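S.K.: Before I ask anything, here is the structure I am working with.
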Amino acid sequence: MCARTLPTYGLITPAEGRFKRGGGRSPRPLRGRAIAAAVVIAATLAVQAGAAAQVDSGTSEPADDDPDRYRLVKRFDFDERKLGNFETTPMYWRRLEGLGLPFFNSGQFDEAVGRDAPPSFRLAVRTGNVAFEYDHYDLTVIPSADYFIEGYVRTAGLAHSRAFMAAYFVDRYGERIAGSERISRLVGGDEDSGWVRVWFSLQGEFPNAYALRIQCWILHRFVWSSDPSPPTIDPIIRQDVDGVAWFDDISVYRLPRARLQFSNPAAVVAPGAEEALLIDVNNASPEGLSAELSITDTSGVLWEEKSLYIEGIAALNHGASNADAARGRTNWDRAEQDEATPSRAVRSPLPELPPGNYVATLALQAEGRTLLSRRLSFAVLPRLPRSSVVAFDTGVDLGLWRAGDIRGAIELVRQLGVGAAKIGVPMLGPVDSLEKSRYFAQISELARRLAEYRVDAAAVMMSPPADHDEPRPPPIRELVSQDSSWPAMVAPVLAQFGGVFTAWQLGDERAELRDAGDWSPRDIDAVRELLESFMTFPR
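No gaps in the numbering here: position 18 of the sequence shown is 13 in this note's numbering, and each next residue is one more.
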């Protein structure tokens, strides 16, 4: 299970300062110190919606079987009696307080339960939620490094709530850095789950990051419910009255950072074009590493292989100059510094490749063992006769828009030479956050840019992202036929695109045809009537 990241839509933002920390330190201003519920709710919605599309991909989890090859920053085994801690809670772990976090929910050592051996950190809820945060500056960070967090969670009696871990960066003033929040997978259920390994990573993309905060949560599912209007005046909210979660063996590692991107956002090489791979590597480990770049085709034939040596932070801290640190980069055959990217980025031009599909792999290695890897697929297009006539009888389905690169999508559609495109638009309800507004504005910009190239864009009305416990979102047909509040989910979205799309498709074929069922004429008329409220002649 990979780490959850924040998408550019679906973010719910309650009032700042709803949750505050408890514990015995001199208080700071509540606004800066508060963990807003948006941290958890937005991250949970990220579980439902999926992360935004990235140009580079690869393993987020360490690829090597020996994680201690990375820099172990801290490990929490909660065996603190030998350290002189005879309190009921672990050192520097503070209970968060505020609305939704009642004081009677607790967290304490459990001397009878542990993954390998007791004790562990036990959180319990009797309705409401509970959260503890590790708030100490022994988790200072290197801003350009990635961090990997793993731990083990065991639950019992969490029928309506889930346990998970979360983390985020703060600056040197203790202020949370927006956009840095990540959470693990959710663990729960009626029965004892046994010990479940959870993990996630935080990317070092925040230059003002100073320290890391880690949280352990039990959160009820109704908190992240996306239903904008309850079905009854006084709905029944089901909560767990005897839910427990144990946390143990939490480890924090500092990782080398590697980014692999393509110079063309569409990851295609047009005939006659000169493209390159963009590599950004930062070694946050004490020892030197080698970066191995290879290009293979779909049949596994190797077309190019390069190697680069990266000094460790220990060498840099003992007087190595920037020129020494970049020594391996300048010795990389045909590698050039890209002046448009940071100084540690390298631009590696592609060799002459015949038309076809290829995979570029960047592997960070220490003593011949792979620590991290990044993979990127790209295509070399053949030289075909170009026609000024757009093929209006063919089209492409872009699927649910995942806040990717507009330039890449436009380039792909142009290379295909099609005359129509479908864009999946989720019915997310009221546009009540800046993230939702930006997400819908990006879809509008995509449709406008397609129109400039004489491509007719149609919107596909899709259900909101699935709940964490559902593998796929339900068909939009079910939302309209079974949920009387569906206009509250659909109307705010249609209002954003009244002058953008004139053609709407009711549901994605992959969802609508998956389950048996047909649209009723009454439901179709209801949707058409709603569409006519925002556009003159909907199709």
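All residues carry an ideal CB built from backbone N, CA and C; glycine is no exception.
Treat the numbers as computed from the prediction; the structure is a model and nothing was measured.
Please list, in chain order, all residues of the same chain as Phe159 whose beta carbon is under 6 Å from its beta carbon, the five residues on each side excluded.
M.R.: Take Phe159, set aside five residues on each side of it, and the residues of its chain with a beta-carbon closer than 6 Å to its own are Ile178, Ser179, Leu181, Trp212, in chain order.
S.K.: Under 8 Å by Cβ, that's how I've got Phe164 and Ser175 pegged, so tell me the actual separation to the nearest angstrom.
M.R.: 4 Å
S.K.: For a quick check, are the C-beta atoms of Leu359 and Val426 less than 9 Å apart?
M.R.: no
S.K.: Output yes or no for whether 9 Å exceeds the beta carbon distance between Phe116 and Phe81.
M.R.: no
S.K.: Would you mind working out which of Asp478, Phe435, Ala452 sits nearest Leu489, comparing C-alpha positions?
M.R.: Phe435
S.K.: Once DSSP output is grouped into helix, strand and coil, what is the label at Pro543?
M.R.: No answer is possible for residue 543: it lies beyond the span of the chain, which begins at -4 and ends at 534.
S.K.: Within a Cβ cutoff of 8 Å, which residues of the same chain sit near Val450, ignoring the five residues on either side of it in sequence?
M.R.: Val385, Val408, Val413, Gly414, Ala415, Ala416
S.K.: To the nearest angstrom, how far is the alpha carbon of Val125 from that of Gly93?
M.R.: 10 Å
S.K.: Do Arg149 and Gly189 have their C-beta atoms closer together than 9 Å?
M.R.: yes
S.K.: Where are the beta strand (DSSP E) runs, 3 residues long or more, that stay fully inside the segment 86 to 147, in chain order?
M.R.: 88 to 93, 101 to 105, 115 to 120, 125 to 129
S.K.: Check the C-beta distance from Tyr205 over to Val136 and give it rounded, since I have them as a contact under 8 Å.
M.R.: 7 Å
S.K.: What are the boundary residues of the alpha helix (DSSP H) that includes Tyr434?
M.R.: 429 to 447
S.K.: Using DSSP's beta-bridge definition, name the partner residues of Leu359.
M.R.: Ala286, Leu367
S.K.: Take Leu367 as the anchor and find which of Arg252, Ala173, Val354 has the nearest alpha-carbon.
M.R.: Of the listed residues, the one whose Cα sits closest to Leu367 is Arg252.
S.K.: Rounded to whole angstroms, what is the Cα-Cα separation between Asp464 and Ile471?
M.R.: Caution applies to Asp464, whose pLDDT of 48 falls short of 50 and renders its modelled position unreliable; the value that the coordinates give is listed next. Their Cα atoms are separated by approximately 18 Å.
S.K.: Could you give the first and the last residue of the continuous beta strand (DSSP E) run that contains Leu297?
M.R.: Unbroken beta strand (DSSP E) run through Leu297: 297 to 305.
S.K.: Using a Cβ-Cβ cut-off of 7 Å (strictly less than) and excluding sequence neighbours within five positions of Met86, which residues of its own chain qualify?
M.R.: Glu75, Asn80
S.K.: Quick check: what's the CA-CA separation for Leu474 versus Trp481?
M.R.: 6 Å
S.K.: Where does Met484 sit, in a helix, a strand or coil, going by DSSP?
M.R.: helix
S.K.: Would you report the Cα separation of Ala47 and Ala398, rounded to the nearest angstrom?
M.R.: With a pLDDT of only 33 at Ala47, under 50, the local geometry of the prediction cannot be trusted, and no value is derived from it.
S.K.: Along the chain, where does the alpha helix (DSSP H) containing Ala404 start, and where does it finish?
M.R.: Under the DSSP assignment, Ala404 falls in the alpha helix (DSSP H) whose first and last residues are 401 to 411.
S.K.: Quick check on the DSSP output: the alpha helix (DSSP H) that includes Asp518 runs from which residue to which?
M.R.: Per DSSP, the continuous alpha helix (DSSP H) segment holding Asp518 begins and ends at 516 to 526.
S.K.: Could you please give me the residues that DSSP links to Lys417 through a beta bridge?
M.R.: Asp392, Ala453
S.K.: Identify whether Ile231 lies in helix, strand or coil by the three-state DSSP scheme.
M.R.: coil
S.K.: In the DSSP assignment, find the unbroken beta strand (DSSP E) run with Ala162 in it and report its ends.
M.R.: Going by DSSP, Ala162 is part of the beta strand (DSSP E) stretching over 153 to 165.
S.K.: So if DSSP puts Ile245 in a beta bridge, which residue, or which two residues, is it bridged to?
M.R.: Phe71
S.K.: For my contact list, Leu273 and Ala340 are in at a C-beta cut-off of 8 Å; report their separation, rounded to the angstrom.
M.R.: Indeed they touch by this definition, with Cβ atoms about 6 Å apart.
S.K.: The alpha helix (DSSP H) that contains Ala173, what's its start and end?
M.R.: First-last for Ala173: undefined, no H or E at that position.
S.K.: Using DSSP bridges, identify the partner residues of Asp275.
M.R.: Arg254, Ala340
S.K.: Can you tell me where the alpha helix (DSSP H) holding Leu474 begins and where it ends?
M.R.: Where Leu474 is concerned, the enclosing alpha helix (DSSP H) stretches over 471 to 477.
S.K.: Quick one, are the C-beta atoms of Pro459 and Leu508 less than 9 Å apart?
M.R.: No, these two residues do not count as a Cβ contact at 9 Å.
S.K.: Out of Gly403, Arg254, Gly295, which has the shortest C-alpha to C-alpha gap to Asn278?
M.R.: Out of Gly403, Arg254, Gly295, Arg254 has the C-alpha closest to the C-alpha of Asn278.
S.K.: Can you tell me where the beta strand (DSSP E) with Arg505 in it begins and where it stops?
M.R.: Where Arg505 is concerned, there is no enclosing beta strand (DSSP E), although the alpha helix (DSSP H) it sits in stretches over 504 to 507.
S.K.: Please report how far the alpha carbon of Pro516 lies from the alpha carbon of Gly494, in whole angstroms.
M.R.: Rounded to the nearest whole angstrom, the C-alpha separation of Pro516 and Gly494 is 26 Å.
S.K.: Please classify Phe536 as buried or exposed, where buried requires at least 16 neighbouring CB atoms within 10 angstroms.
M.R.: Shown here, the chain extends from -4 to 534; a query on residue 536 therefore has no answer.
S.K.: Going by DSSP, which residues form a beta bridge with Phe496?
M.R.: For Phe496, which the question treats as bridged, DSSP gives no partner whatsoever.
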